[in-house]
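Just below is one structure, and these are the notes that go with it.
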Amino acid sequence: MQSPAYNTVNPRTTLQVAPAPQSAMAPEAPKKKVEWPPAVREYVRRAFDPQNAIPGISQADMQARLKTTIGWFAERNSHDTVHWPTFPLPQELLLEERRAAAMGMPTTAVANGMHPAYMNGSVTHTNQSPPQSKKRNAHEAEESQVEQTQANVPPWRKTNLASRMTFSDGHNEKRQKKNVLADAASKFDQAELDKRRQRFQLGHNGTKTTPPWGSPRKDEDDMPTGPVVGTNENLEKSYFRLTAPPKAETVRPLHVLKKTLAMLVEKWKADKNYNYICNQFKSLRQDLTVQHIKNAFTVKVYEIHARISLEKGDLGEYNQCQTQLKALYALNLGGNPAEFKAYRILYFVYTCNKTDMNDMLAELTLADKSHEWIKHALDVRSSLALGNYHKFFRLYLEAQNMGAYLMDMFVERERLNALANMSRGYVNVTLRFLTDELGFDNDEICREFLETHGAQNVIEDKGDRQYRVRIREAASQFESLRAAAFSKVDIKGQI
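Taking UniProt numbering, I'd label the letters of the sequence shown as residues 1 to 495.
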């Protein structure tokens, strides 16, 4: 019998696709949760505290350094050997490294966090990975590539505290496997190896190690392990930018610096030689910095230098002092924080910096806002925001301390702004009216201001020292002057 010329196919009875058989998968073992000591958790909390943030150091850099620092101790199970309340925060370690790199200095023991002041007891620092030979097999090369890939993962991709600070289980297993192979290949027994380590103070693989956040040091004996203690007794010393670690004989100690400050204050009152005074103050500040002196005297030095810089209009030096004062005030070392907060507000008004102004306003407390000097600065800002030039010039005449010097830097701009607004509302006004509205001391100074800005043709002499100003005729001129005044702001102002 001949076979049929077709193949038999079973017809489908439904449109659903048959589910694929599920392979039995073994359930993953739950990862063991890392229990960090309370001191470590408090250290992490302080690292993420906004009050401890340092300008110029990003959150990502800080997190990466935090993971590296705590992970280094976690691998060695040496958390209890660290005095975490005084251990430098990761952002402080980064700042110290960058300063050392800028000065051409190797990283000090304080910068890498291994200074004895931060340790609870003596501890042997070990390196868990043995030295590799020059030739590597394919398996080792693959492991190296995997480790490099894991190191490039950004810290913000991690999901929790443990994963941000702890190496993965696979990473630890690889390290343990390498250690077993290295120990098996050694021709010495364990007792002899321990004896040799104690003799040379070596780590697990026979090498002295440096924490990964510190730079390798070639000559540790010549390295300074702490702040310099000056021995120079000269009251005067010119300022030079440091290009090498300072020597004690070129640095003045604290008791000499106090005499220097008193001398500089007297010389400033007598001679008013700003170039000399500024040079001496920068040298004084440098001696304080290299000796790590941060106390009430340090605050006093920066406050006096900032006031002198404002008096001479040197905003470059003023900004440097103001930056340091903000950090010093955070340490509650005394001084006049309310005075310099008021100066910061007026400075942001001058630079038209709305972003920093908003940040500044958010930092003010109710006690700050009720302080006389800060309240005056806030009123200045409010009057300009509302276009109330009458109130602004009244506040200008009432400015206290060095606030008048800051307001002098933008009062001309605001006078041109007020004249442009008046020219749209008045046809002509008396010169005396402009003198009072624009905050001039007398009519003569007001008339000179108008003539300096090309408005001499609209001033009419009515006799008996009476003048009228046809302000409407100069409307376009005042508008152009206002636009030019607001088009460019020198935010540095250094002379």
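Even glycine gets a Cβ: it sits at the ideal position worked out from N, Cα and C.
No experiment lies behind these values; they were computed from the predicted model shown.
- prompt: Buried or exposed: which applies to residue 466, given that a residue is buried once 16 or more other Cβ atoms fall within 10 Å of its Cβ?
  reply: Residue burial is scored here from C-beta neighbours: residue 466 has fewer than 16 other C-beta atoms within 10 angstroms and is therefore classed as exposed.
field: Euclidean distance between Cα positions of residue 335 and residue 323
entry: Their Cα atoms are separated by approximately 14 Å.
task: For residue 521, count neighbouring Cβ atoms within 10 angstroms of its own Cβ and tell me buried if that reaches 16, exposed if not.
output: Nothing can be reported for residue 521: it is not among the residues displayed for the chain, which extend from 1 to 495.
field: residue 394, enclosing alpha helix (DSSP H) - first and last residue
entry: Boundaries of the alpha helix (DSSP H) around residue 394: 389–397.
query: Who pairs with residue 461 in a beta bridge, going by DSSP?
result: Its beta-bridge partners are 467.
query: Going straight from the alpha carbon of residue 373 to that of residue 441, what length do you get?
result: So the alpha carbons of these two residues sit roughly 23 Å apart.
- request: Just mark residue 214 as buried or exposed, buried being the case when its beta carbon has 16 or more other beta carbons within 10 Å.
  value: Annotation note: pLDDT 49 at residue 214 (below 50); position unreliable, coordinate value reported separately. By the neighbour-count rule (16 or more Cβ atoms within 10 Å), residue 214 is buried.
Pick from 240, 80, 64, 312 that is closest to residue 404, judged by C-alpha positions: Nearest of 240, 80, 64, 312 to residue 404, Cα basis: 312.
- prompt: Rounded to a whole number of angstroms, what is the C-alpha to C-alpha distance between residue 407 and residue 101?
  reply: Approximately 39 Å, taken between the alpha carbons.
query: Are the CB atoms of residue 300 and residue 328 nearer to each other than 8 Å?
result: Result no, Cβ atoms of residue 300 and residue 328 do not sit closer than 8 Å.
message: With three or more beta-carbon pairs closer than 8 Å as the criterion, would you say the stretch 430–447 touches the stretch 466–480?
response: Enough Cβ pairs lie closer than 8 Å, so yes.
- prompt: Where does residue 427 fall in DSSP's three states?
  reply: Under the three-state reduction of DSSP, residue 427 is assigned to coil, being neither helix nor strand.
message: What does the alpha-carbon distance come out to for the pair residue 281 and residue 95?
response: Distance between the alpha carbons of residue 281 and residue 95 is about 24 Å.
task: Using three-state DSSP, classify residue 142 as helix, strand or coil.
output: In this prediction, residue 142 scores a pLDDT of 48, lower than 50, which makes its location untrustworthy; no coordinate-derived value is stated.
- request: With DSSP as the reference, label residue 49 as helix, strand or coil.
  value: In the three-state reduction of the DSSP assignment, residue 49 falls in the coil class, being assigned neither a helical nor a strand state.
query: Looking at the structure shown, is residue 273 part of a helix, part of a strand, or coil, going by DSSP?
result: It is coil, neither helix nor strand.
query: In or out: residue 35 buried (at least 16 other Cβ within 10 Å) or exposed?
result: By the Cβ-count criterion, residue 35 is exposed, with fewer than 16 other Cβ atoms from all chains shown falling within 10 Å of its own Cβ.
field: Residues of its chain near residue 399, where Cβ-Cβ distance is below 6 Å and the 5 sequence neighbours each way are ignored
entry: 407, listed in sequence order.
Beta-carbon gap between residue 42 and residue 84 smaller than 8 Å: The Cβ atoms of residue 42 and residue 84 lie closer than 8 Å to each other.
task: State buried or exposed for residue 54, treating a residue as buried only when at least 16 other CB atoms are found within 10 Å of its CB.
output: Exposed: under 16 other Cβ atoms inside 10 Å.
field: CB contact flag (residue 296, residue 333, <8 Å)
entry: Closer than 8 Å, so yes.
- prompt: With 16 other CB atoms within 10 Å as the buried threshold, where does residue 340 fall?
  reply: Its Cβ being crowded by 16 or more others within 10 Å, residue 340 is buried.
- request: Find the nearest neighbour of residue 82 within the set 93, 92, 70, judged by alpha-carbon distance.
  value: Comparing Cα positions, the closest option is 70.
task: To the nearest angstrom, report how far apart residue 354 and residue 250 are at their CA atoms.
output: In this model, residue 354 and residue 250 are separated by some 44 Å (Cα to Cα).
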